[in-house]
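Beneath this line is the structure, given in structure tokens, with notes to follow.
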Amino acid sequence: MKRYDAILIGGGHNGLVCAAYLARAGKRVVVLERREQVGGAALSEEVFPGFRFSVFSYVVSLLRPEIIRELELPRHGLHILPLESTLTPLPGGGKAGNYVAQWSDHDQNRRELARHSLRDAEAYDEFGVVLHQMARIIKPILRMAPPDPASLRPRELRDLLRLGRFFKNIGDKQFNALWKLLTMSSADYLDEWFETEALKATKAASGIIGTMLGPRSPGTAYVLLHHYMGELDGVFRAWGFAKGGNGSVSAAIAAAARSFGAEIRTLSPVSSVLLNNGRARGVVLEGGEEILADVVISGADPRRTFMGLVGEKNLPEPFLQSIRRFKFRGASAKVNLALGELPNFTCLPGRGAHLRGAISISPSVAYLERAYDEAKYGEFSRRPYMDIVIPSMLDPAMAPPGKHVMSIFVQYAPYNQNGGWTDERREALGDAVIDTLAEYAPNLRSAILHRQVITPADIENTVGLAEGNIFQGELSLQQMFFLRPTPAWARYRTPIEGLWQCGAATHPGGGVMGASGRNAAYELLGERL
Amino acid sequence: MNARAIVIGAGVDALVAAHLLARAGRQVLVLDEGMRARDDEGWVLPQIPHELGLQVKVERQEPWVTVPLPQGGALELWHDMRRTVEALRRLSKRDAASWPEFCARMAILARLFEHLYGAPPANPLSVGLALRVRRLGRQAMEDLMRLLPMSVAELLDDWFECDALKGALAAMGIVHLQQGPRSGGTAFRLLHHHVGSPQGVFRPARSNLGTALRARPGVEMRNAKVERIAVREGRVTGVVLAGGEELAAALVVSGADPRRSLLELVDPAWLDPELVRALVNVRCRGVVARVSFKIAGAARMVIAPSLDYLERAYDESKYGRVSTQPYVEVLPTENAIEAHFQYAPYERADGAWDAGRRSELGELTRRMLAPHVPGIADAQAQVLAPTDLEAQAGWPGGQAYHAELTLDQALWMRPLPELARYRTPINGLWLCGPGTHPGGGVAGASGFNCAKAVLRRA
Chain A
0 MKRYDAILIG GGHNGLVCAA YLARAGKRVV VLERREQVGG AALSEEVFPG
50 FRFSVFSYVV SLLRPEIIRE LELPRHGLHI LPLESTLTPL PGGGKAGNYV
100 AQWSDHDQNR RELARHSLRD AEAYDEFGVV LHQMARIIKP ILRMAPPDPA
150 SLRPRELRDL LRLGRFFKNI GDKQFNALWK LLTMSSADYL DEWFETEALK
200 ATKAASGIIG TMLGPRSPGT AYVLLHHYMG ELDGVFRAWG FAKGGNGSVS
250 AAIAAAARSF GAEIRTLSPV SSVLLNNGRA RGVVLEGGEE ILADVVISGA
300 DPRRTFMGLV GEKNLPEPFL QSIRRFKFRG ASAKVNLALG ELPNFTCLPG
350 RGAHLRGAIS ISPSVAYLER AYDEAKYGEF SRRPYMDIVI PSMLDPAMAP
400 PGKHVMSIFV QYAPYNQNGG WTDERREALG DAVIDTLAEY APNLRSAILH
450 RQVITPADIE NTVGLAEGNI FQGELSLQQM FFLRPTPAWA RYRTPIEGLW
500 QCGAATHPGG GVMGASGRNA AYELLGERL
Chain B
0 MNARAIVIGA GVDALVAAHL LARAGRQVLV LDEGMRARDD EGWVLPQIPH
50 ELGLQVKVER QEPWVTVPLP QGGALELWHD MRRTVEALRR LSKRDAASWP
100 EFCARMAILA RLFEHLYGAP PANPLSVGLA LRVRRLGRQA MEDLMRLLPM
150 SVAELLDDWF ECDALKGALA AMGIVHLQQG PRSGGTAFRL LHHHVGSPQG
200 VFRPARSNLG TALRARPGVE MRNAKVERIA VREGRVTGVV LAGGEELAAA
250 LVVSGADPRR SLLELVDPAW LDPELVRALV NVRCRGVVAR VSFKIAGAAR
300 MVIAPSLDYL ERAYDESKYG RVSTQPYVEV LPTENAIEAH FQYAPYERAD
350 GAWDAGRRSE LGELTRRMLA PHVPGIADAQ AQVLAPTDLE AQAGWPGGQA
400 YHAELTLDQA LWMRPLPELA RYRTPINGLW LCGPGTHPGG GVAGASGFNC
450 AKAVLRRA
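The listed protein sequences derive, respectively, from chains A and B.
Sequence positions in the first sequence follow numbering that gives the first Met the number 0 and run 0 to 528.
Sequence positions in the second sequence follow numbering that gives the first Met the number 0 and run 0 to 457.
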């Protein structure tokens with residue numbers, strides 16, 4: 000029987016990244032994927048004949064540039080098409096010009112913002128500089144394996160000291176600015192800078208994505224930074240859309256992993272982790288096949304990994320408790336549309352450059368907050384926040400000639416919808432999305448050829464993400480860094496010797512970043528392989 | 000140069016600062032602007048009575064809280080752990096079993112904050128603080144890291160199932176705050192209000208500290224309204240009163256809120272424009288109205304029946320509306336009761352606070368309390384809207400803590416990192432109000448820390 004150095008459970012992007020790095024270091028690695036194709040939530044599928052969709056995650060914003068470089072992803076087929084703009088249509092009459100846009104061209108952007116507020120046009124540049132600075136400061140943290148602050152082991156102490164020095168070195172001023180970002184609400188933070196409601200709301204929206212928090216809830220400002228991390232890396236424009244959909248991100252990573260010698264087996268669902276004297280020795284597939292390895296690395300979420308694959312009886316109670324209170328709370332849904340023609344926005348009619356960028360339905364902070372209010376009590380938002388892209392505008396191969404695909408990220412759709420997610424409620428959510436959007440683009444309804452609505456429950460069922468949380472667990476401050484997924488086990492290890500984790504539920508998590516997978520691989524290579 | 004020190008305001012913090020300065024040999028003049036809220040609430044730092052030789056009476060009510068239950072009767076929580084557990088057992092066996100451990104774990108964290116509150120804010124990256132936190136042990140460290148950014152709702156959901164208990168505790172996470180129990184950072188505030196109380200008690204004690212300080216000789220008191228603080232060449236030279244009279248002083252300690260102290264009383268031209276901008280951004284949104292009824296003999300009581308109830312009350316205030324189902328806390332005084340009404344936004348979406356809107360709020364409070372307070376139907380009500388509290392108590396924007404106590408405006412960030420050590424960029428001008436560390440809900444500690452800083456500097 001073949002013996003591996005490492006088994007990766009789950010072929011999501013983090014699992015693939017981890018496998019690629021291990022294989023690159025000469026390890027014998029196998030990736031076991033339950034479904035017929037790898038990618039997890041980074042997946043392209045021909046949902047309707049001729050129409051290809053990035054079914055779940057839909058943009059590439061945060062994929063770490065070092066991963067793109069080190070795994071030579073462009074050589075393996077990754078091609079990123081930049082998204083150049085964000086359009087926020089405003090409600091009320093649908094008059095032409097009734098919108099706020101952000102353009103990547105500096106002068107164009109300034110002119111546009113000055114149309115709404117001279118002060119904001121001024122502040123925009125300074126805001127960008129401050130957030131860029133902050134993003135640069137935080138970047139080394141993304142590459143760090145979080146130390147255990149309560150441990151007395153020399154290695155942890157050394158890393159803690161290093162971390163302390165790191166924060167000392169960035170200086171009081173920057174440290175305090177960072178603290179503000181971590182602890183403030185995005186609405187309050189943006190109030191300090193801007194006055195145009197739609198601009199504030201569109202920026203604030205990035206702070207609530209994937210999270211059951213409203214823009215006025217403290218802890219949402221930090222995610223504003225993520226936008227500036229993506230835009231940071233001059234070498235390669237990392238804020239954009241993958242040619243062929245997000246499945247090609249996974250495909251490129253998988254190709255890289257294979258080129259280093261990793262084996263990837265699809266349709267190989269793992270049923271449990273094989274334990275021997277409390278140590279992980281391999282896995283058992285659902286068919287009964289046993290595969291042995293020195294280490295087992297799970298890319299699945301902690302609930303699935305520990306409650307499902309390891310089993311509660313094999314884990315200490317305090318640890319189980321901390322996994323039980325890890326918050327998933329999926330908050331987002333996805334609507335994928337096949338369109339016979341392009342949407343025509345009354346505020347900016349015709350086929351313009353704006354359709355090649357993102358379109359954000361976020362007219363005001365109060366609008367987003369209202370959407371959240373409904374979800375707090377278990378109802379999906381009747382007038383939701385939406386982040387829309389039309390991938391076929393950038394990559395015509397996504398749809399038949401002259402036709403288009405539209406990807407709509409929708410929030411809030413709570414996993415714990417009152418009465419549960421039924422087919423009826425799924426369609427009602429789809430209707431709410433279309434009704435809201437049709438107010439801005441009246442031709443939308445007649446343009447729709449097919450519609451796919453994906454609720455958090457659907458995400459859980461198809462991809463396996465617990466409660467449909469797109470980040471494998473909420474990215475809130477109490478679940479970050481050395482608390483992710485749980486204190487003392489943030490360093491990609493687990494209480495089971497030989498069992499490791501590499502999914503987005505570990506630091507830094509979330510957003511097709513790949514950093515969790517890379518960090519876990521480095522941590523493993525440094526320690527035992 | 001004049002050696003006289005002037006203290007602006009006669010709140011608890013200002014008085015503590017004044018008496019400590021006087022005790023150190025300064026000639027102190029307190030300018031009582033007549034703006035005073037009830038100042039008998041909050042933990043008294045033990046160093047204050049000790050150093051000033053004051054007899055401070057701390058009043059601890061039994062039960063420390065009464066929560067009316069929807070099915071009738073009330074949940075009563077006591078200083079005596081066993082009695083509380085007994086009371087909880089009637090509602091939930093699980094909660095009764097969790098209560099002692101919850102209290103013990105919270106108390107360990109509260110002890111840490113007791114230490115931090117009796118000194119100027121510690122540098123978050125100091126070795127001393129790191130070691131102190133590490134000495135707490137693994138469990139407490141994990142609790143601390145998790146709890147600080149958390150919402151009080153998540154914290155309580157982790158521990159308990161009984162709505163009445165969760166509501167009563169969550170109230171301390173949101174009191175005087177424009178946030179709901181599901182907002183991040185509110186668990187920290189529950190802890191903040193637990194500091195100084197015995198294990199298992201989550202309401203600040205009441206004391207006669209204010210009265211005792213006012214009765215204490217040693218400082219000169221004068222009723223006067225300050226018009227501005229005089230500055231020459233970056234140094235304080237005195238204050239100018241509303242009538243135009245100028246009082247010279249080389250040291251001015253302001254108990255007024257940071258924004259008024261530095262942007263209204265001082266000519267902002269003396270300040271760095273960046274600091275001015277940061278001061279303008281200090282959040283101080285008032286959300287509380289006070290309603291008093293002339294009626295004796297009511298119990299201390301909280302109307303906050305569940306987390307969702309509080310959250311819904313907050314929802315309305317986000318859009319500038321008064322909660323139709325507010326969080327109400329009843330504080331009995333000698334022959335009246337005072338009701339804390341939250342949320343009543345300072346800025347209403349439908350216009351200014353006028354007599355009609357005040358009385359509407361008073362009647363709503365009366366209706367809310369009627370089932371629990373016999374005789375309230377005929378009692379005379381007096382309503383203080385947030386705007387009144389601003390005018391009468393000097394609460395900027397109606398905010399009792401002068402600067403909202405949130406993580407980004409707490410500890411070394413309070414009210415701003417540049418001002419957190421009580422000194423201002425103007426030589427000889429210091430801040431001592433609740434807008435500084437440790438801030439509102441703790442009686443006199445800001446004044447104590449400020450006076451100590453002034454004296455160390457001298």
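Note that beta-carbon positions come from the ideal geometry of N, C-alpha and C, so glycine has one too.
All of these numbers come straight from a predicted model, not from anything done at the bench.
Alpha-carbon spacing of residue i relative to residue j, whole angstroms
i      : j      : result
A/A186 : B/E337 : 34 Å
A/E522 : B/P395 : 51 Å
A/G510 : A/I208 : 10 Å
A/A237 : A/P64  : Interpretation of A/A237 is limited by its pLDDT of 47, a score under 50 that renders its predicted location unreliable; the figure taken from the coordinates is listed afterwards. So the two alpha carbons sit approximately 8 Å from each other.
B/G33  : B/Y342 : 26 Å
A/I79  : A/V58  : 9 Å
B/H192 : B/A106 : 11 Å
A/V248 : A/G11  : 10 Å
A/F327 : A/G298 : 16 Å
A/D232 : A/L130 : Summary for A/D232: the model assigns pLDDT 49, below 50, so the residue's position carries little reliability, and this model does not support an answer.
A/D171 : A/F126 : 19 Å
B/S182 : A/A292 : 45 Å
B/W269 : B/T423 : 11 Å
A/Q410 : A/V54  : 16 Å
A/D119 : B/D31  : 42 Å
B/T323 : B/I302 : 13 Å
A/Q477 : B/L146 : 7 Å
B/V151 : A/M133 : 29 Å
B/S316 : B/E359 : 16 Å
B/I5   : B/L250 : 6 Å
A/L392 : A/A330 : Before going further, note that residue 392 of chain A is Met rather than Leu in the sequence given. In a straight line, the C-alpha of A/M392 is about 28 Å away from that of A/A330.
B/P197 : B/I47  : 19 Å
B/L454 : B/A109 : 28 Å
Whole-Å CB distance - residue i paired with residue j, under 8 Å assumed
i      : j      : result
B/S253 : B/C431 : 7 Å
A/A200 : A/Y366 : 6 Å
B/I173 : B/L53  : So it is not a contact: roughly 32 Å between Cβ atoms.
Residues sharing a beta bridge with residue i, DSSP
i      : result
B/I228 : B/V238
A/F318 : Answer is none; A/F318 lacks a bridge partner.
B/Y326 : B/Q341
A/E121 : For A/E121, which the question treats as bridged, DSSP gives no partner whatsoever.
A/K326 : DSSP, once it has assigned bridges, lists no residue as partnering A/K326.
B/V382 : B/V290
A/H403 : A/L338
A/F408 : A/K333 and A/D386
B/M367 : Paired residues: none, contrary to the question.
A/F52  : A/E44
Under 9 Å (Cβ pairs) to chain A, residues found in the region 204 to 233 of chain B: none
Validate contact between the region 215 to 226 of chain A and the region 483 to 499 of chain A using beta carbons, cut 8 Å, 3 pairs: no
The region 94 to 107 of chain A contacting the region 275 to 286 of chain A, beta-carbon criterion three pairs below 8 Å: no
Contact residues within the region 175 to 186 of chain A, judged by C-beta distance below 7 Å to chain B: N175, W178, K179, T182 and M183
Interfacial residues, the region 379 to 410 of chain B to chain A, with Cβ spacing under 8 Å: T405, L406 and D407
Within 9 Å of chain A by C-beta, residues of the region 291 to 322 of chain B in sequence order: D307, E310, R311, D314, K317 and Y318
Chain A contacts from the region 190 to 205 of chain B (Cβ-Cβ distance under 8 Å): none
Any 3 or more C-beta pairs closer than 8 Å across the region 12 to 27 of chain B and the region 438 to 449 of chain B: yes
Three CB pairs or more closer than 8 Å across the region 283 to 291 of chain B and the region 398 to 416 of chain B: yes
Interfacial residues, the region 83 to 115 of chain B to chain A, with Cβ spacing under 9 Å: none
Cβ-based contacts, 9 Å cut-off: residues of the region 353 to 376 of chain A near chain B: A365, E368, R369, D372, K375 and Y376
At least 3 beta-carbon pairs within less than 8 Å: the region 426 to 442 of chain B vs the region 401 to 417 of chain B: yes
The region 308 to 323 of chain A in contact with the region 413 to 423 of chain A per 3-pair CB rule at 8 Å: no
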